[in-house]
Amino acid sequence: MTPGGMASALGELHWSMTGFGTHGVWAGFSAISPQQALEIEKLGYGTIWLGGSPRSLTPARKVLEATSSIRVATGITNIWNTEAAEIAEQFNQLETDFPGRFLLGIGVSHPEAVQEYRSPYDSLVAYLDVLDEGGVPADRRVIAALGPRMLRLARDRALGSHPYLVPAAHTEYARKILGPDKFLAPEHKVVLTEDAELARSVGRPYVDQPYLHLQNYTNNLKRFGYTDADIADGGTDALIDALVAHGSAEVVREQLDSHLGQGADHVAIQILGDVDIVEELAKLI
Numbered sequence: 238m239t240p241g242g243m244a245s246a247l248g249e250l251h252w253s254m255t256g257f258g259t260h261g262v263w264a265g266f267s268a269i270s271p272q273q274a275l276e277i278e279k280l281g282y283g284t285i286w287l288g289g290s291p292r293s294l295t296p297a298r299k300v301l302e303a304t305s306s307i308r309v310a311t312g313i314t315n316i317w318n319t320e321a322a323e324i325a326e327q328f329n330q331l332e333t334d335f336p337g338r339f340l341l342g343i344g345v346s347h348p349e350a351v352q353e354y355r356s357p358y359d360s361l362v363a364y365l366d367v368l369d370e371g372g373v374p375a376d377r378r379v380i381a382a383l384g385p386r387m388l389r390l391a392r393d394r395a396l397g398s399h400p401y402l403v404p405a406a407h408t409e410y411a412r413k414i415l416g417p418d419k420f421l422a423p424e425h426k427v428v429l430t431e432d433a434e435l436a437r438s439v440g441r442p443y444v445d446q447p448y449l450h451l452q453n454y455t456n457n458l459k460r461f462g463y464t465d466a467d468i469a470d471g472g473t474d475a476l477i478d479a480l481v482a483h484g485s486a487e488v489v490r491e492q493l494d495s496h497l498g499q500g501a502d503h504v505a506i507q508i509l510g511d512v513d514i515v516e517e518l519a520k521l522i
């Protein structure tokens, strides 16, 4: 690579890695309104992650239309209920209309949720191949990777990884596999209350159903010392506390930032419970 080419590549990497901010917001695509998105942007959060496996990028378009600068990502686009060629076409349309603001998060589902379940790894590789053919740059997509094989794929074929339902120990583990130059943006759940029992009662259902009954998530938790006993019956308090930050705003910020200390570039905050998410997010600033 020529010196000019190297400078260009490094500049592109710098652009890709710095525009997300250190903290973003994760919410189901049907749970966040355009007005809420605008208010989140005004609070200074860097990225809005749209969860819930939407079947198209239309929800992302609505958030992009309502805002002016915040980045928008899917968390995730599910390869089983979308066609890669169609997603590539929609990505390119978003890039034309909102240049540099959209990140395509993609991932596989789990065996329990998909009939005629095929090899997740091979299917994801094939999906990535079609995205390549459709002009979606590798540095404009992330993969929801938990285990080592998927993390290596995220390292080699994407900007990085967007893991879901992970303790900070996973962030350290993922960083070692991804290497120092890849984007790592774990999701983390939050209940802003100093009543620990209340926080667990709110957070436990979000962790238990369906995730503590899905093999890919439970296997991942076991990598970090959690046992079948920890996972059974909705999860022990220790497990819930590792996955759902609670306490004062200061305490919650410390738990979220533990991911940054373990190597994350960005943390996607999911506010739980029947609360105004914008008001709760404002408390964390």
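Under my numbering, think of the first position of the sequence shown as 238, with each following residue one higher.
C-beta: ideal position from N, C-alpha, C; glycine also.
- For the options 294, 287, 394, the alpha carbon positioned closest to that of residue 508 is the one of 287.
- In terms of Cβ geometry, residue 419 and residue 396 form a close pair [threshold 8 Å].
- Within the DSSP secondary-structure output, residue 279 pairs in no beta bridge.
- Burial is judged here by how many other beta carbons sit within 10 angstroms of a residue's own beta carbon; residue 392 has at least 16 and is buried.
- Between the segment 361 to 380 and the segment 324 to 342, the count of Cβ pairs shorter than 8 Å is three or higher; the stretches touch.
- Across the structure, residue 258 and residue 505 are spaced so that their CA atoms are roughly 10 Å apart.
- If you check the CB distance, residue 471 and residue 431 do not come in under 8 Å.
- Secondary structure note for residue 295: its alpha helix (DSSP H) is the uninterrupted segment 295 to 303.
- Under the three-state reduction of DSSP output, residue 319 falls in the coil class, being neither helix nor strand.
- Here the alpha carbons of residue 367 and residue 402 stand approximately 28 Å from one another.
- Between residue 435 and residue 489, the CB-CB gap reaches or exceeds 8 Å.
- Counting only residues of its own chain and dropping the five nearest sequence neighbours on each side, residue 445 has a CB closer than 7 Å to the CB of 471, 472.
- For the options 512, 501, 514, 519, the alpha carbon positioned closest to that of residue 255 is the one of 501.
- A distance below 6 Å between beta-carbons, with the five flanking residues on each side excluded, links residue 406 to the following residues of its chain, in chain order: 461.
- In the same chain as residue 265, and ignoring 5 residues on each side of it, the C-beta atoms closer than 7 Å to its own belong to 288, 289, in chain order.
- Using a Cβ distance threshold of 8 Å, residue 336 and residue 311 do not count as a contacting pair.
- Between the alpha carbons of residue 495 and residue 423 lies a distance of about 11 Å.
- Boundaries of the alpha helix (DSSP H) around residue 362: 357 to 370.
- In this structure, 271 is the residue among 279, 319, 271, 281 with its C-alpha nearest to the C-alpha of residue 297.
- Secondary-structure assignment with DSSP links residue 503 through no beta bridge to anything.
- Within 10 angstroms of the beta-carbon of residue 359 lie fewer than 16 other beta-carbons, which makes it exposed.
- Taking the Cα positions, residue 409 is about 22 Å away from residue 376.
- At a Cβ-Cβ threshold of 8 Å, residue 399 and residue 482 do not count as neighbours.
- Within the segment 368 to 440, the complete beta strand (DSSP E) segments at least 3 residues long are 378 to 380, 424 to 428, listed from N- to C-terminus.
- Distance between residue 465 and residue 440, taken at the CA atoms: about 19 Å.
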